[in-house]
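So the working numbering is basically just the index in the sequence shown, starting at one, shifted up by 221.
Positions of the beta carbon are idealized from the N, C-alpha and C atoms, including for glycine.
Input: a single structure, listed below in structure tokens.
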Amino acid sequence: MLRFFRDPHYPFISWRRYAYAVSLAILVPGLVSLSLKGGPRYGIDFTGGTLVQLRFQGEAPLDRVRATLNGLQLDSYELQRFGEQREIVVRARGEEGTEAALAPRIADALRTTPELRANRFEVVRVEAVGPKIGGELQRKALLAIAYSCILIIGYIYIRFKGLKYGVAAVIALVHDAILTVGLFSILNKDITLDVVAAVLTIIGYSVNDSIVVLDRIRENLRSSARRPFAAIVDAAINQTLSRTVITGVSTLLVVLALFFVGGEVIHDFAFALLVGIVVGTYSSIFVVAPLLVEWERYIDRSGAAPAATTSAPAPQDAASPRSEDAPGRKGGRRLASTGRRRSP
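So, in structure tokens, the structure goes:
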């Protein structure tokens, strides 16, 4: 595979419209899912409530568990299989202030159900978060993402002395974050604090990849300023292609190990990283650099339009006096001061 990266000359900028189509084809379903579901599906960390994970000896009887929970008169609850067929997760909400007591109440009700006595179970995990704390965590998570984007724009603006580099990089990382959150919405996965941590990690990874490409573009601009900007960007992508792909693949192998071996507790975290690394590698090649080319072409068009509409200066008439002979000019003053008269 490495022979494809020894001396690559791929026309990435010529392929940018296909890349835009691919991005839209991936982003639109996620955005539609988010709009239809009223936004991301937040976990207990952000909404408040109680989470109880149960592991049964045999297959988890969802119907019997649901019937038992219906008799508890909870405000709301959800049931979901978790990992193996023997495990289920109960997410429930009761009255405010009763989150800590809700888990024992659910466990006791299930233990006293005759149909569930034969299929014994154990409580594997309990989480309880109040609604006020959940709302505060949600606000702080969104602020963390917003602040990171602002700081990234500022850092890239200072380093590259241009706003376009920072804007292109932030658009790419927003592209990566929205795609990841949209995929979670399509798969009905919860957005938890672990997932937010993964999204922030994705943002850092995407920016790191983008800066490598942007730095090479800047170096090429210094050494090959007369070449077309699109050709300079194409050369920069090809020159950093082996580094981008090898770094992405090696990081992906580690995250795959986390995904398959790390257990269910970090499954969503590893899944978000898995998606983010693939998308971050893609966006550093097919989003950041093409956006710079589009920016430059827009500036060229907007700058050329006034020049085209500006009328050319009228040619001087043959009979009109020369600039040095015009009154008030230096030449005129010199002739007047010497007292010489100009021959006809």
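Assess, as a yes-or-no matter, whether the stretch 399-412 is touched by the stretch 243-260 under the definition of 3 or more beta carbon pairs within less than 8 Å.
With three or more CB-CB distances shorter than 8 Å, the stretch 243-260 counts as touching the stretch 399-412.
Taking only the alpha-carbon atoms, compute the straight-line gap between S431 and V496 and give it to the nearest angstrom.
Looking at the two C-alpha atoms, the distance is approximately 17 Å.
Straight-line gap, L442 to Q359 (C-alpha atoms, nearest Å)
Straight across, the Cα-Cα distance linking L442 with Q359 is about 43 Å.
For G270: DSSP bridge partner residues
Answer is V350.
Quick check on this structure: which residue in A451, A390, F490, D455 has the alpha carbon closest to the alpha carbon of A418?
Measuring from the Cα of A418, the nearest candidate turns out to be F490.
Could you spell out the range, first to last residue, of the beta strand (DSSP E) harbouring Q294?
For Q294, no beta strand (DSSP E) encloses it, and the DSSP letter there is neither H nor E.
Cα-Cα separation between T333 and G304, rounded to whole angstroms:
The alpha-carbon separation between T333 and G304 amounts to approximately 25 Å.
Output the boundary residues of the beta strand (DSSP E) element that contains E305.
Per DSSP, E305 is one residue of the beta strand (DSSP E) stretching across 305-314.
Closest to D436 by CA distance: which of I453, R448, Y231, A330 is it?
It is I453.
So A242 packs on F507, CB below 8 Å; how close in whole Å?
With 8 Å as the limit, A242 and F507 do not qualify as a contact, their Cβ atoms being about 11 Å apart.
What separation, rounded to the nearest whole angstrom, lies between the Cα atoms of V482 and R314?
Cα to Cα, V482 sits roughly 32 Å from R314.
In its own chain, which residues sit with a C-beta less than 7 Å from the C-beta of L283, not counting the 5 before and 5 after it?
Annotation for L283: L300, I309 place their beta carbon closer than 7 Å to its own, counting only its chain and skipping 5 residues before and after.
Can R598 and Y298 be called in contact, C-beta distance under 8 Å?
Residue 598 lies beyond the residue range present for the chain, which begins at 222 and ends at 565; the question has no answer from this structure.
When the Cα atoms are used, what is the spatial distance from S235 to Q460?
Cα to Cα, the separation comes out at about 17 Å.
Please report how far the alpha carbon of R237 lies from the alpha carbon of P511, in whole angstroms.
Rounded to whole angstroms, R237 to P511 spans 6 Å at the Cα level.
Assigned exposure category for G264 - 16 Cβ within 10 Å defines buried:
Flag for G264 reads buried.
Would A328 pass as a contact of V273 if the rule is Cβ separation under 8 Å?
Note that the C-beta distance between A328 and V273 is below 8 Å.
Can the beta-carbon of A288 be found less than 8 Å from the beta-carbon of Q306?
No, these two residues do not count as a Cβ contact at 8 Å.
Pick from G355, L394, E357 that is closest to I374, judged by C-alpha positions:
Measuring from the Cα of I374, the nearest candidate turns out to be L394.
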